[in-house]
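Single-structure report; data block below.
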Amino acid sequence: MLVIKNPFPINARIISSFFWPKIENEEFAMPQALMTGLDEYARGFETHKGSRKLEWMSAVGSIELEVELDNVKAVVAVSPAHAAVLSLFTKKETWTVDEMASELKMDKRNVKKRLEWWQNSGVVYASAGESEAKTWHLASGTSKMERLQVEHDMEEDVSDDDKNEDMEAVDALEQYWIYTKIFIANQEPVKAERLHTIFRMFASPGQHGPTLEDVVAFLQRKVKMNLLSCVNGLYKVVKDIPAQE
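Residue numbers (full-length UniProt numbering): 1 to 245.
Structure, rendered in structure tokens:
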């Protein structure tokens, strides 16, 4: 039995290059607090598995963050890249895109894209001025943050048993995310109903597979992470901006 002590819970999905398509991984500097937990998990895994080693992929997965601004709290699930960008504001409250790109070793256009996502969530804002000269700041508790808080409070009103059961079904679909992304990219736009049919084919004999509501919740999770877009129930992949040398 693998028992690993970590400062925060980690659910790892181990994939094999023999069975999974090639994953384009965006390299950037992860927050030190996160890397400490991941390194501890990897050491425990290597002790348990002997010759096997873990190589973390920073471009995939999600991180649950509790964001607090002026006593307004919200819990959001975001990509590691979004978490890395926001984490810099724990060091100081004002940054330029150039500074953040240098600190994170991340392409400036990708930094800006993630900042704009946090801006739309009411967590940061940009000063007036030319694009390259803008500085980015932590916002005060805003109505957007308060809406995020209300959404989280409404989720907590659901009974723990029902919520856990629903989340387990949605989390189980994470193992198919890479396939889902490639499928949508090749067939877009795609409806949730079409993916629901495919996911049910993956179910083990005797099991019914995920419900349509589970599939929609899974896809909407990816929309919130800015990995998919959804217009009139049709899903498309949000195109990544390639890093420049």
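Even for Gly, the Cβ is constructed at its ideal location relative to N, Cα and C.
key: I182 versus V78 - alpha carbon distance   = 20 Å
request  = Would you verify that the beta carbon of I14 is, or is not, closer than 8 Å to some beta carbon of chain B?
outcome  = Looking for chain B here will not work: only one protein chain is present.
ask   = What are the start and end residues of the alpha helix (DSSP H) that includes Y179?
value = W177 to Q187
task = Give the straight-line distance between the Cα atoms of R200 and V170, rounded to the nearest whole angstrom.
result = Their Cα atoms are separated by approximately 13 Å.
request  = List the residues that DSSP assigns as beta-bridge partners of W95.
outcome  = W136
message = Taking the alpha-carbon of K239 as reference, which of V76, L65, M100 and N186 has the nearest alpha-carbon?
response = When each option's Cα is compared against that of K239, the closest is N186.
inquiry  = Considering only their Cβ atoms, is the gap separating V85 from L115 smaller than 8 Å?
reply    = yes
request  = Specify, as a first and last residue, the run of the beta strand (DSSP E) that V85 falls within.
outcome  = Careful: V85 lies outside any beta strand (DSSP E), inside the alpha helix (DSSP H) at P80 to S87.
ask   = K191 to V237, Cα distance in whole Å?
value = 12 Å
message = In whole angstroms, give me the CA-to-CA distance for E93 and K134.
response = 14 Å
request  = Have a look at A33, Y41 and R109 and flag the residue whose alpha-carbon is nearest the alpha-carbon of I10.
outcome  = Y41
message = The beta strand (DSSP E) that contains V231, what's its start and end?
response = First-last of the beta strand (DSSP E) with V231: L228 to V231.
key: Coarse secondary structure for I14, derived from DSSP in three states   = coil
ask   = Since L34 is in the alpha helix (DSSP H), which residue starts that stretch and which ends it?
value = Q32 to K49
Coil, strand or helix - K222 by DSSP = helix
message = Closer than 8 Å is the cut-off here; do at least three beta carbon pairs connect the segment 28-48 with the segment 100-109?
response = yes
request  = For A126, collect the residues of the same chain with a Cβ closer than 6 Å to its Cβ; drop the 5 residues on either side in sequence, then sort them by chain order.
outcome  = Contacts found: K134 and W136.
ask   = In angstroms, rounded to a whole number, what distance separates the CA positions of G61 and A128?
value = Rounded to the nearest angstrom, the two C-alpha atoms are 34 Å apart.
For K91 and S229, the rounded distance between their alpha carbons = 32 Å
inquiry  = At the level of alpha carbons, what is the spacing between V97 and K112?
reply    = 7 Å
request  = Give the DSSP bridge partners of V67, in chain order.
outcome  = A74
request  = Quick one: using the 10 Å Cβ neighbour count with 16 as the cut-off for buried, is N110 buried or exposed?
outcome  = buried
query = Taking the beta strand (DSSP E) that residue 292 falls in, what are its first and last residues?
reply = Nothing about residue 292 can be reported from this structure: the residues present for the chain run from 1 to 245 only.
query = If you count every other CB in all the chains shown that lies within 10 Å of the CB of H196, and 16 or more means buried, which is it?
reply = buried
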